[in-house]
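In our numbering, the protein residues as written are 94 to 1197. Note that the Cβ used here is the ideal one computed from N, Cα and C, for glycine as well.
Here it is as structure tokens:
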């Protein structure tokens, strides 16, 4: 895919040093016509680098030529080849010299290169380079602009930031091809170093980095699609299904791909090092399925010194080939044979038929509704690439995405969102941004909301945003339930008896009394972790059941459902998926007046919440949400629980001040500060309490973390001490290091069982199951236990479950896919759980909700472990992230950023949901603003003509050398300057009002839709009053065109009056006439206006 990292000027040497080594005569590399055991020297037949980008011409460089090391270093210092500074006179010298865009091939493609013959290697190299070119072209068109930011105070004295986009000539970039990863595994990839300067308007400016990050996933999907297209045509390979925009070559098993994983090599080496330091033998097979990005510095093969010198060039030397061959010998399958079988005869890539795109539009609605509340065109590109399993070029992919959007819009299922009007960035009171911070605000404002609730960044200016009708319906159903009355309420006397029968603290009892007063269909009980939400709700459930109502409980995970069931006195509880299976699968209704209690409600998706509301509506029941809006949200489209809580309607928050989990005052105080958004103060408290441990690199940090974990285990036991991290690969490394400690101290005994991924399980291991198996001892996801028997012959094991001490046997088929070690786990899976001591690893993925969830799991101490060393920019390079900051400052910023996506209703108004009258009013209001624009005419053609006339006048003046001829030149130049000033003013206005123009485009497009629809319907069934107003339909074609125009104006007038709103209803126009009206409407629909200039011309025409 594509990863993006930041570079400073001094890091140019990393790339230029590779250039020198790559063409030097002392570096042995593999030649395409030699066997793997033969060595030859790089003869320079293929340049290891090349210039790329449309902006090169301005500085006299040619795209495609080999990169000159000195010129590259100059550009990294922001100097042109002529020595001219590219930093504006009054601009600050920013830290970011360039951006490293790394495009990396799927591992199976890299294995084709590593173990194929010379023809295969050449085909892979060419295909990869063309795919990179396609992706760079996509990124350059959309992400090479600059961003100008200014700061000012409004009339109320509040600081605001205003920014606008400046178009550029394009990238100044250099591409460097590599074929190994940092761990020397096969990995075909290219670093495209984009200099952080573009020629924009009147000079050199920094790139608007937020556009690159916004388009990174889409650009990576373009790279993958072009790569598949090229390899299909060149080698005839077939492909596995496209997932998240990428696919592997068919025939390469997941086990083989993971065997050659970079991260696997790094973790194996970390475990071997830890074994050496703590005793034991380095013989364990310790690899597993994982896909996250790496964080370790470059490592080298150990044991037999396969690499003879440090490989800065990532070239394919003989030692690297020997390393590959050794890895192949240890692989679970014959990789060379698989490569030979995968390669066939080149063939033409198949493209989806138009009807396939139409069919995909129907699937798109549910797919995107489940994942995002609001989306853009770039968000769909990865999804659309699945329609091209054999690949496509970038133009085909973008065109298919737009066709898919149009098809979904024609069906009425995808709606355009009008963003809520915003006037710059409103800062918290007392906050003043520096020039550098302004750049951060303009460069990284991708839409996240500060925990303070007052800083909101906008999306890309003028970018069309969409939602689905299904998403809006789901949100409306849930939000509507808050204001709908439910008859399900407890008897107050019975409730007091229930409270007296259970030992509730004061805040918990008050919360239950307050909850009993709420009569909404949907109500919420909120409180922090450890406030006793599920324990307290048992009282409410008892009172409801005593009133004759059924009570059931659900949660997103089986573990949370089990805990809820314990507090509900074993009433029916299960996962939401289980309840849906029973009710939908068997068409079974709920009993009248059923109460459904939902635990960990913040993690419930919008789709599931809408389904639950639908069920309680049908049975006239009630839904009670239990949750904490400060903890992690749903991984799918969500945010509704947070919206409901923030509104305050039908919400009980008495438990916010209750904390029965944390035993120490310092922990309670720190968590209260986190909840209040006092991030820096909370972090300071943790520092003063000695809870932060900062290591010098990843290995030393995690090794010390495991040592501390082991020390705590001696006092509290394995089940009560847990290590937490936000990423799966971090969790896996911690688990493997923990097993070293277990083995060293004799806790693991007997022969191990090894699953398909090479994970070992021995007697004494702590494990967690990851899938529900209800018919097998009621096994549920998240349950933990200790292995008491392992049978290497059958590949099965038995473990004693912590929950009830039941001994359960797990067969090989279950062990191969659904079991992990349980010394460490992700923060996401830990939500809802309680431990005695926790150790949290603060990695790059940590955000506000991760931090609060991790820091609130323990009754006792929580320790935070941070790696102070700058990490590498990605798995394909060992170059360090140069923009090092104080590690505590980084953590404060991470804990200030939320991962919660607001619901679609909070992100804008769907234009298709507006009434006719609203649309007309909006259109008129927007046109009033646009009429005040500095210019409604584009003078580009006139400027071109004037420049040509000036050139001609100068030639005449030089030839005649008369005062009259020179005066003519001056007159023409004066006219050109005036027009140029007008054009500059106009372009600035267009950019400053990009969102306004987008709103106008969406409003007028929808209004034209409706006007054309009514015109079509009028022509099929002309109402009598319309017939009287404009007369009968003329037969003369010229008169009919004029009559149709009048009919459109008449239709708009009737729309403003609220007439004919149901004209396209099938009940009004039957059968064929209704279908014909709708088809005519679609055929006459005005296309989306994507360019701002035609909008002004449209308004100018209306004004004229």
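By the 16-neighbour rule on beta-carbons within 10 angstroms, residue 791 is buried.
Residue burial annotation: residue 1129 is exposed, with fewer than 16 other C-beta atoms found within 10 angstroms of its C-beta.
Contact between residue 640 and residue 584 holds: CB atoms are separated by about 6 Å, below the 8 Å threshold.
Look at the beta carbons and you see the stretch 642-655 not touching the stretch 735-744: under three pairs across the two are nearer than 8 Å.
Residue 831 is not a Cβ neighbour of residue 856, given a cutoff of 8 Å.
By the CB criterion at 8 Å, residue 752 and residue 766 fall outside the cutoff. Where residue 803 is concerned, the enclosing alpha helix (DSSP H) starts and stops at 791-809. Residue 843 carries a strand assignment under DSSP once its states are collapsed to helix, strand and coil. Note: residue 316 is not bridge-paired with any residue in the DSSP secondary-structure output. Cβ neighbours of residue 797 within its own chain (closer than 7 Å, five residues either side excluded): 786, 788.
When DSSP states are grouped into helix, strand and coil, residue 196 belongs to the strand group.
Per DSSP, residue 750 lies in no alpha helix (DSSP H) and is assigned neither H nor E. Residue pairing by DSSP puts residue 95 in a beta bridge opposite 196.
The C-beta of residue 1003 has 16 or more other C-beta atoms within 10 Å across all chains shown, which makes the residue buried. Secondary structure at residue 744: strand, using DSSP grouped into helix, strand and coil. Assigned with DSSP and collapsed to three states, residue 463 falls in helix.
If you check the CB distance, residue 196 and residue 228 come in under 8 Å. Separation of residue 1052 and residue 1042 (C-alpha to C-alpha, rounded to the nearest whole angstrom) is 15 Å. Taken through DSSP and simplified to helix, strand or coil, residue 623 comes out as coil.
The DSSP-derived three-state label of residue 669 is helix.
Look at the beta carbons and you see the stretch 808-827 touching the stretch 925-934: at least three pairs across the two are nearer than 8 Å. By a beta-carbon distance limit of 8 Å, residue 724 contacts residue 924. Their separation comes to about 6 Å.
Taking the CA atoms as reference points, residue 686 sits about 13 Å from residue 706. Inter-residue distance for residue 489 and residue 556 is about 21 Å (C-alpha atoms, whole angstroms). In the three-state scheme derived from DSSP, where H, G and I count as helix and E and B as strand, residue 266 is classed as strand. Note on geometry: alpha-carbon atoms of residue 804 and residue 955 lie some 14 Å from one another. By the neighbour-count definition (other C-beta atoms within 10 Å, threshold 16), residue 874 is a buried residue. For the pair residue 314 and residue 501, the CB atoms are not nearer than the 8 Å cut-off. For residue 436, the three-state secondary structure derived from DSSP is coil. Secondary structure of residue 850 (DSSP, three-state): coil. Inter-segment contact for the stretch 310-328 and the stretch 268-278 is absent: fewer than three beta-carbon pairs are separated by less than 8 Å. Rounded to whole angstroms, the separation of the alpha carbons of residue 206 and residue 700 is 44 Å. Counting only runs that start and end inside the stretch 812-843, the alpha helix (DSSP H) elements of at least 4 residues fall at 821-837. Per DSSP, residue 934 lies in no alpha helix (DSSP H) segment; the continuous beta strand (DSSP E) that holds it begins and ends at 930-934. Secondary structure at residue 481: coil, using DSSP grouped into helix, strand and coil. Where residue 689 is concerned, there is no enclosing alpha helix (DSSP H), although the beta strand (DSSP E) around it starts and stops at 688-691.
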